[in-house]
Every structure is written in C-alpha cells, then in structure tokens.
Amino acid sequence: MLGNDIVDLGLAKIQSNWRRKNYLDKIFTAEEQLLISSAKRPDEMVWLLWSMKESAYKIYNRKTGIRNFAPKSLNCTIYPNIDQIKGTVSIDNDTYFTKSDIQLQYIHTIAAPVSSELEEIKVTIYESPNHPSDYKCTKPGCVSHHGQYLALVY
Amino acid sequence: MVLVILTPALFFKNTPMNKEEIIEALKTIVEPYSEEVSALAHIDENTDFINDLKINSANLVDIVLDIEEKFNIEIDNDSMAKMLTVKATTEIIAQKLEANAG
C-alpha cells in the first residue's frame, strides 16, 4: 500500500494562513511546532510536515477503514539527509516511512509501510495544463492533486 | 403567594440555537473555502466537506477555528476528528453550546 501527497507551495501561500492564531496547535504536536519555529524556512517546514501526515494518513485510512480528521495524532519525525528528506509518521501502533522532495514550487512526499519499499516507488508529477485525463487507467497506487500539480505513484 | 426567584444564570441564559440555525451559520462559514457552487447551494446534513464541497484538508482547520470564534466554543481534538460532514459538525456545535449554556 502506498501513500503520496503534493503541496503546491504557490497555492498553499494564498489558500492557508498557518500563522493564524491556534492554527498550528490544531495540527502539529509540540515537537513538530518546535521544528517549525526553529526552521530556517518555516513555510517549507509547515508543508513538509503536512505532506508527511497526509501521505501516511492515506495508507492508514485504507488499511484501517478509519476516516477522520486528526492531524495531531499523526506524529512526524524527520531524518534529514543531504539529498533527500526521510522521515517516519506514527499513528496508534503503526509507523509509516516517508521520503520527501522539496522543490521551489512544490513539496512531494511518498509513504510506505516498509522502509525498503520507498526505493521501489515510481513517481510521476504533472504540471497543469498537462494533466493526462486518462491517468486512472494506469492504476496508480495513490493520487494526489493540489493546485497546478497532479502526483501519481506506482 | 408565589415567590419567583430569577437567578442571573437563568435570566441571561442564551436561547439555544436549533439545528437549522446552526446549519445556516455553518454554511456561511464554509462558503469561502469551497468552489462547488451547486453543492454549496444544496448543503444539508449529508454534505461531506471533502467529498462534496472539495474543501482542502488544510482549510478544514480554518473552518474549525471559524466555528470556535463564531459560536464561542472550544473544539477539542476528538471532536475535530469527527468534523468531516455537516451532520457531525452540527451535532458537535449543538453539544458544545448546550454545555456552555448549562
């Protein structure tokens, strides 16, 4: 089972004001809020953590059948590397492994229940207006769409 | 002789909002976060914020904060977890208003 989530940073900027009072407190744990407040680029950290939570939730939701809005119950840990950002997201007794790609225009995270699976995931990202209309026929393992971007994983 | 004592708490008690009034107020709150004109026009108890109104999940937080401000209530994490539909949200708002009034 795969998860993936893309955040169009341009759209996120106008769509969400995470500096709004109490906003971060509803979504992020104390540790995550510390990562944000100490980050060199806090905007990037907010959406990195958010895409990690979303991509892990997409697996959790399909696995358990539970549908809820409890972002704070998804706990992120980040293990930064030179060229890629790996992390884990834990919820209840499950842990999901994530790998994120931060670009100027977007942040994309893939998630899998087993760490080694991350290396086998094939990612395709389309920018509008070049979204293929028939992408569903290709049977992607997970679909994420935000703003200009459509991200498919196999 | 009948003695009626009006305690301040009784006197200033808010008139509870009924379900329709809560849904109406909720509609005003969610409108700015959805572009689904037809789904917004037909909003009812069965409306799902994500599937029907296509609201971005990051904006669900804004809706929860707007609800807290508008109704002067506090939404705990367990309540927020259920707030994906108009029905669940209306029930939570009604419960919190009742708790505040009592």
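In order, the protein sequence lines correspond to chains A and B.
Residue 80 in my numbering sits at position 80 of the first sequence; the count goes up by one each step and never skips.
Residue 1019 in my numbering sits at position 19 of the second sequence; the count goes up by one each step and never skips.
All C-beta atoms in this analysis are idealised placements derived from N, C-alpha and C, irrespective of residue type, glycine included.
No experiment lies behind these values; they were computed from the predicted model shown.
Partner residues in the beta bridge of K99 (chain A), as assigned by DSSP, are A:K86 and A:I110.
Spatial neighbours of I14 (chain A) in its own chain (CB-CB distance under 7 angstroms, excluding positions within 5 residues in sequence) are not present. Per the DSSP secondary-structure output, Y79 (chain A) pairs in a beta bridge with A:K86. In terms of CA proximity to K1019 (chain B), B:A1088 leads the group B:A1101, B:A1088, B:N1051 and B:G1102.
With contacts defined as CB atoms closer than 9 angstroms, H108 (chain A) and I6 (chain A) qualify as a contacting pair.
Shown here, L2 (chain A) sits in coil according to DSSP, grouped into three states, outside any helix or strand.
Interface annotation, S144 (chain A): not in contact with chain B, CB-CB separation never under 9 angstroms. In this structure, the beta-carbon distance from I82 (chain A) to I102 (chain A) does not fall below 9 angstroms. Taking the C-beta atoms as reference points, Y126 (chain A) is found no nearer than 9 angstroms to K139 (chain A).
In this structure, the beta-carbon distance from Y96 (chain A) to I59 (chain A) falls below 9 angstroms. N17 (chain A) has its alpha-carbon roughly 16 angstroms from the corresponding atom of S51 (chain A).
Apart from sequence neighbours up to five positions away, the residues of its chain that approach I1092 (chain B) with a beta-carbon distance below 8 angstroms are I1075, S1079, K1082 and M1083, ordered along the chain. Between the C-alpha atoms of A151 (chain A) and E1035 (chain B) there is a straight-line separation of about 22 angstroms. Of all residues in the region 1080-1101 of chain B, only M1080, A1081, K1082, M1083 and L1084 place a beta-carbon less than 9 angstroms from a beta-carbon of chain A. With 16 or more other CB atoms across the displayed protein chains lying within 10 angstroms of its CB, Y149 (chain A) is buried.
L34 (chain A) and M1017 (chain B) have their C-alpha atoms spaced approximately 40 angstroms apart. Taking the C-beta atoms as reference points, I1050 (chain B) is found nearer than 9 angstroms to S1057 (chain B). Look at L1026 (chain B): its C-beta is not under 9 angstroms from any C-beta on chain A. The Cβ neighbour count for P129 (chain A), taken over all protein chains shown within 10 Å, is under 16; the residue is labelled exposed. Within the DSSP bridge table, the entry for L150 (chain A) names A:Y126 and A:H145 as partners.
Judged by DSSP secondary structure, D1066 (chain B) falls within the alpha helix (DSSP H) whose first and last residues are S1057 to F1071.
When the beta-carbon positions are compared, L2 (chain A) and E119 (chain A) stay at least 9 angstroms from each other. Residues of the region 1053-1066 of chain B with a Cβ closer than 9 angstroms to any Cβ of chain A, in chain order: N1056, S1057, A1058, N1059, L1060, V1061, D1062, V1064 and L1065. At least 9 angstroms separates the CB of E120 (chain A) from every CB of chain B.
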